[in-house]
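Here is the structure we will look at, set down as structure tokens.
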Amino acid sequence: MISSVKPIAGNKPGSLVYNDLVNNLSVVTNMEGDIVTVGYGAYKGAG
266 MISSVKPIAG
276 NKPGSLVYND
286 LVNNLSVVTN
296 MEGDIVTVGY
306 GAYKGAG
């Protein structure tokens with residue numbers, strides 16, 4: 266379980282994005298809580 270993450274405002278509808286600052290990862294989930302993508306570094310948004 267990823268701890269110390271906060272949702273980021275302004276995401277696409279139906280998704281949540283979390284920045285895991287401890288492990289320097291960004292995690293994107295859908296409304297069901299399924300992980301869609303995990304990437305290195307903080308999530309910057311589309312462009």
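Numbering (the working numbering), first residue to last: 266 to 312. For glycine and all other residues, C-beta sits at the position ideal for the given N, C-alpha and C.
heavy atom of the ligand NAP below 8 Å from residue i C-beta
{"i": "T302", "result": "No copy of the ligand NAP occurs in the structure displayed, which carries no ligand at all."}
Start-to-end residues for the beta strand (DSSP E) that takes in residue i
{"i": "V313", "result": "Because residue 313 is not part of the residues shown, which for the chain are 266 to 312, the question remains open."}
Cut-off 8 Å between Cβ atoms - residues of its own chain near residue i, not counting five sequence neighbours on either side
{"i": "V301", "result": "S280, V293, T294, N295"}
{"i": "Y297", "result": "Sequence check: residue 297 is Glu here, not Tyr. Cβ within range, chain order: n/a, list empty."}
Where residue i falls: helix, strand or coil (DSSP)
{"i": "G304", "result": "strand"}
Same chain only: Cβ atoms within 6 Å of residue i, ignoring 5 sequence neighbours per side
{"i": "G304", "result": "S291"}
Buried versus exposed call for residue i [16 or more other C-beta atoms within 10 Å across all chains shown]
{"i": "D299", "result": "exposed"}
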